[in-house]
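In what follows, a structure is listed as structure tokens, so that the remarks can point back to it.
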Amino acid sequence: MDFADIFIHDTTWAFLGEILVRCVMMFAMIILFLRLTGKRGIRQLSIFEVAIILSLGSVAGDPMFTEDLPLVQAFVVMACIITLYRLTTWLMMKNQAFEDLLEGKPLYIVKAGELVLEDVKKGKYSQDEFFAEMRQQNTEHLGQIRVALLESDGKLSILFYPNEEVKYGLPLFPEACSIVKHIEPDAHYACSYCGHVQNIQQARQACTRCECKTWAVAINTARLT
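Sequential numbering of the sequence shown, starting at 1, is according to the numbering used here.
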């Protein structure tokens with residue numbers, strides 16, 4: 001067995017240059033596609049950790065079983081990816097705008113017991129997914145929440161009102177959040193789309209905040225801890 005064939009084979013300097021170009025392009029494409037999937041797609045890992053896992057995992061696999069793929073090519077690819085990773089993280093530390101461009105900014109999902117509709121859409125969650133996250137943090141209705149923030153790593157951070165300051169809010173559990181068809185004079189009602197609580201006279205009245213016409217009975221129960 002010729003050890004030169006194992007490590008170098010027929011690799012040329014021109015092909016090594018091509019590998020470097022391909023690495024830069026593929027690394028950029030991985031970051032782009034991860035950003036397009038939204039925060040939900042990466043969860044606890046950062047975008048760059050996922051990029052490294054995908055890139056290095058693919059690079060490490062092929063040389064293991066491809067006879068004419070020398071190890072030097074995989075080494076060059078890995079070195080290039082790690083260099084790009086280090087460069088990118090350094091740029092993010094030096095430039096906040098660059099970090100925001102790649103990783104995104106935290107998004108306000110709930111403020112003062114109401115959904116922040118513009119940021120909810122940016123977060124690429126469905127409303128049910130947001131509600132599921134809130135329920136998992138022992139939240140019964142939006143009126144218990146002072147602020148809910150979708151972090152850049154996909155986690156939902158919540159600040160709650162003290163129990164004595166809990167407001168009327170949209171219920172988060174499906175059975176309690178059923179759409180009303182008849183209005184009771186002494187009840188509070190929350191818009192099923194944005195969570196805004198207001199007095200209404202008819203079941204199909206438009207919400208003054210988002211113009212939705214479906215309502216659920218609002219509740220103001222204290223949070224159980």
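We put the beta carbon where it would ideally sit given N, CA and C, even for glycine. None of these values were measured; they are calculated from a predicted model.
Check                                                                                                    : Outcome
Nearest residue (CA-CA) to Phe-7, options Glu-49, Asp-68 and Pro-171                                     : Asp-68
Reference Gln-136; option with closest CA among Ile-30, Leu-224 and Met-26                               : Leu-224
Start-to-end residues for the beta strand (DSSP E) that takes in Tyr-189                                 : 189–191
Limits of the beta strand (DSSP E) - the one that Phe-160 falls within                                   : 156–160
Cα-Cα separation between Ala-165 and Asn-220, rounded to whole angstroms                                 : Sequence check: residue 165 is Glu here, not Ala. Straight-line Cα distance between these residues: approximately 10 Å.
Boundaries of the alpha helix (DSSP H) in which Tyr-168 is found, first to last residue                  : Tyr-168 -> no alpha helix (DSSP H), and no H or E assigned at all.
Cβ-based neighbour list, Ala-187, same chain, cut-off 6 Å, excluding 5 preceding and 5 following         : Val-217
Stretch-stretch touch, CB-based, cutoff 8 Å, three pairs: the stretch 81–101 with the stretch 14–22      : no
Nearest residue (CA-CA) to Thr-259, options Phe-173, His-141, Ala-60 and Gln-73                          : Residue numbering for the chain in the displayed model covers 1 to 225; residue 259 lies beyond these limits and cannot be assessed.
Backbone CA spacing between Leu-56 and Glu-140 [nearest angstrom]                                        : 43 Å
Distance between Val-120 and Ala-4 (C-alpha atoms, nearest Å)                                            : 57 Å
Meets three-Cβ-pair contact criterion under 8 Å: the stretch 167–183 and the stretch 147–157             : no
For Lys-122, the first and last residue of its enclosing alpha helix (DSSP H)                            : 117–122
Whole-number beta carbon distance between Gly-113 and Leu-150, since they are thought to touch under 8 Å : Not quite, the Cβ-Cβ distance comes to about 17 Å (not below 8 Å), so this is no contact.
Complete beta strand (DSSP E) runs within the stretch 70–118 (minimum length 3 residues, chain order)    : 107–111
Beta-carbon separation (whole angstroms), Cys-194 vs Leu-115, contact threshold 8 Å                      : 5 Å
Sub-7 Å separation of His-196 and Arg-209 beta-carbons                                                   : yes
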